[in-house]
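Residues -29 to -1, 1 to 304 (mature numbering (1 follows the signal peptide of the UniProt record, and there is no 0)) make up the sequence shown, in order. Glycine included, each C-beta is placed from N, C-alpha and C at the ideal position. The next block holds one structure in the form of structure tokens; read it before the comments.
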Amino acid sequence: MRSPAAPSRSLAAVLALPLVLALSPPTRAAASAAPTPGPGRPTAEGFQEGRTAGVRLRNSSIVLSGNGLGGGGARGDGYRIPRPCWYEPYKNADEMVREQDESLRHALRADPDLVGSGGDTDGLIQKYRDKLGQEGRWWRPSYNEADPNGVACAGALAPAVWVPNGQTPPAGITPEDLLQIARAALTVPEPKLKLSPDARSFVNLPTWVWLDGAGPVTRSVTATLPGVMSATVTATLKNIEIDAGTTSDRAEVRQNCGATGHPYAKGGDFTCGVRYLRASIDLPRQVYTMTVTAVWPVTGAVGQGGAPIAYTPLRATVTRDVPVGEVQSVVTG
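And the structure:
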């Protein structure tokens, strides 16, 4: 999205667009608009599922990687990063002056008339020149665009803050923040349910349940701030849970399923599935609605050898209508 147009075409106004490392804090009007990434600023993308995004990072150097980032058939759980914006390390003093110089020259090339309305052009970047020769780095605001509060949060931060080496500014990103970002981006496969018998079952006949083509039972996402720190979350498929869609007087559920259930095997032990005890003909749609949930416990750690942190398991659910009939027998005498 574009930043709002400045009320006048002064040089200061052009350079003060939000999150282009402006020389003054953004106005209230600017804070209400989506910040515009500056030249050469990377954008990090997490997954997007329908209208629900786990994380979409803007004005960020964070790199997301791993087989848990999603794609076709992936499912997240709407986990939200507790803090929707933060400061990240950006450029050192020399690099920042070069960037601001280039931004100034670009603005003047685009509209030479800005010189007359801009006043002292050198003074516009003096705060950056004042840091030349000092040990430290400028930090910039970044935010999670998937969070409805992300834009406003970033707009309330200063466009750039100088931070001496070895220090972190208030609202600066922490290893815990990086871990939360990785968790928000984590997805697992949507369960593909298999039943036997498949199209229709019968009273007292075991209906075997398993997941088809579950793929890797471990999914992970690593969030890395290159050269600074990294954090990884890992989800491991532990088991599936079965809800027969009715009460215990109408169905017997076997829950010894392991991670993915057990495919039908002639003569095998029936340990995972449902034995329906009554037909479904008397139900409103004449079917039972079976629900199967894949349970993925999630742990996270910062860096190498960090202490593990347990999160609420990620649960992926699928339903199936199961019509159950009665076997008709003919008695002769």
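* Take T262 as the anchor and find which of W181, Y282 and A194 has the nearest alpha-carbon. => W181
* From which residue to which residue does the alpha helix (DSSP H) around I144 run? -> Here I144 belongs to no alpha helix (DSSP H), and DSSP marks it neither H nor E.
* **Cβ shell of Q151 (< 7 Å), same chain only, five flanking positions each side left out** => I52 and P53
* Is DSSP giving D292 helix, strand or coil here? -> strand
* To do: Give the range of the beta strand (DSSP E) segment to which A265 is assigned.
  => Y259 to V273
* Looking at E161 and G49, is the spacing between their C-beta atoms short of 7 Å? -> no
* Asked: Would you call the region 115 to 126 and the region 96 to 106 in contact, with 3 or more CB pairs under 8 Å?
  -> no
* Asked: To the nearest whole angstrom, what separates the beta carbons of A250 and E297, a pair I think is in contact under 8 Å?
  -> 5 Å
* Can you give the Cα-Cα distance for A(-8) and L95, rounded to whole angstroms? -> In this prediction, A(-8) scores a pLDDT of 32, lower than 50, which makes its location untrustworthy; no coordinate-derived value is stated.
* In the DSSP assignment, find the beta strand (DSSP E) that holds Y247 and state where it starts and stops. => C243 to Y247
* Asked: If you measure from the CB of R246, is any heavy atom of the ligand ADP nearer than 6 Å?
  -> This structure simply doesn't include the ligand ADP, nor any ligand for that matter.
* Buried or exposed for I252, please, with buried defined as at least 16 other CB atoms from any protein chain shown within 10 angstroms of its CB. => exposed
* Put A64 into one of helix, strand or coil per three-state DSSP. => helix
* To do: Check whether the Cβ atoms of T207 and G47 lie closer than 7 Å to each other.
  => no
* Asked: Just how far apart, CA to CA, sit S36 and T193?
  -> 5 Å
* From L285 to V269, what distance separates their C-alpha atoms? -> 7 Å
* Any chance you could list the alpha helix (DSSP H) runs of at least 4 consecutive residues sitting entirely within the region 121 to 191, in chain order? => 121 to 126 and 146 to 156
* For W179, which residues of its own chain have a beta-carbon under 6 Å away from its beta-carbon, when the five flanking residues on both sides are left out? -> S167, Y235 and G244
* Note down the Cα distance separating A170 from G271, rounded to an integer number of angstroms. => 41 Å
* **S251 - DSSP class collapsed to helix/strand/coil** => coil
* How should S219 be labelled, buried or exposed, when 16 other C-beta atoms within 10 angstroms of its C-beta is the threshold for buried? -> exposed
* Please list, in chain order, all residues of the same chain as residue 349 whose beta carbon is under 7 Å from its beta carbon, the five residues on each side excluded. => Shown here, the chain extends from -29 to 304; a query on residue 349 therefore has no answer.
* To do: Note down, in chain order, each residue of its chain lying with its Cβ closer than 7 Å to the Cβ of T290, except the 5 sequence neighbours on either side.
  => T260, M261 and T262
* Please go through the same chain and pick out, in chain order, the residues whose beta-carbon is closer than 7 Å to the beta-carbon of G11, but skip the five residues on each side of it. => At G11, the pLDDT of 38 sits below 50, so the modelled position is not reliable; the number obtained from the coordinates is stated separately. No residues qualify anywhere along the chain.
* Assign N175 to buried or exposed, taking buried as 16 or more other Cβ atoms, counted over all protein chains shown, within 10 Å of its Cβ. => exposed
* Asked: Rounded to a whole number of angstroms, what is the C-alpha to C-alpha distance between A142 and A125?
  -> 10 Å
* By the 10 Å Cβ neighbour count, where 16 or more other Cβ atoms means buried, how is E106 classified, buried or exposed? -> exposed
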